[in-house]
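Trainee:
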Amino acid sequence: NLAALLQGLQGKQITHVDLSDNAFGPSGVPGFEEFLKKTPSIKVLKMINCGLGPFGTPELAKCLKEGNIQLDELYAGRNRMECVGFQAISEYIKEVGTLKKVELPQNFVKKEGMIALIDALKNNK
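This is the structure in structure tokens:
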């Protein structure tokens, strides 16, 4: 399982993580929660088409914050984040302020979510 795989990697100097096209959905976030919290060296996170949805995306954002992960690049398209998820990930983006590249296409987002993202990106370097 995902948790077992990542357990051996947590705390290592890993800079790129690609979990794309693994349909673990929101219930899969706990499987990599400890990994994210204990691997602050991550700079590039790819989670495209993982089915996070509006419930898993806030959990992901929480893990990134708690792990003090200072991403340079975030790819999380095709996750059906909706506005709730977009707002949660936007809070992380605003707080971290290090992102240089963000790709979040095809997430069923509306005006409120886009406004939150634009506001968050204003604070990035």
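Per this note's numbering, the sequence shown starts with residue 894, numbered consecutively. Backbone N, C-alpha and C define an ideal beta-carbon position, used for all residues, glycine too. Since this is a predicted model, take the numbers as computed values, not measurements.
Please go through the same chain and pick out, in chain order, the residues whose beta-carbon is closer than 8 angstroms to the beta-carbon of PHE917, but skip the five residues on each side of it.
Mentor: For PHE917, where only same-chain residues beyond five positions count, the Cβ hits under 8 angstroms are LEU895, GLY924, CYS943, GLY944.
Trainee: Suppose the cutoff is 7 angstroms on Cβ atoms and the five residues either side in sequence are ignored; what does the same chain contact list for ILE962 look like?
Mentor: LEU929, PRO933, ILE935, listed in sequence order.
Trainee: From VAL989, CYS956, ALA1009, pick the residue whose C-alpha is nearest to that of PRO919; which is it?
Mentor: Out of VAL989, CYS956, ALA1009, CYS956 has the C-alpha closest to the C-alpha of PRO919.
Trainee: Where DSSP assigns a beta bridge to LEU938, which residues make up the other side?
Mentor: According to DSSP, LEU938 bridges with VAL910, LEU967.
Trainee: Which residue wins for smallest C-alpha separation from ALA969, given the options LEU938, ALA897, MET1007?
Mentor: Measuring from the Cα of ALA969, the nearest candidate turns out to be LEU938.
Trainee: DSSP three-state call for LYS994: helix, strand or coil?
Mentor: Three-state result, LYS994: strand.
Trainee: In terms of residue numbering, what span does the alpha helix (DSSP H) encompassing MET974 cover?
Mentor: Counting along the chain, MET974 falls outside any alpha helix (DSSP H), and DSSP gives it neither H nor E.
Trainee: So the candidates are GLU959, ILE907, ILE986; which of them puts its Cα closest to the Cα of LEU1014?
Mentor: Nearest option by C-alpha distance: ILE986.
Trainee: Whose C-alpha, out of LEU967, GLU926, LEU964, ALA981, is nearest the C-alpha of THR950?
Mentor: Of the listed residues, the one whose Cα sits closest to THR950 is ALA981.
Trainee: Which of helix, strand or coil does DSSP assign to PRO933?
Mentor: DSSP places PRO933 in coil when its eight states are reduced to three.
Trainee: Would you decide whether GLY1006 is buried or exposed? Buried here means 16 or more other CB atoms lie within 10 Å of its CB.
Mentor: Looking at its Cβ environment, which holds 16 or more other Cβ atoms inside 10 Å, GLY1006 is buried.
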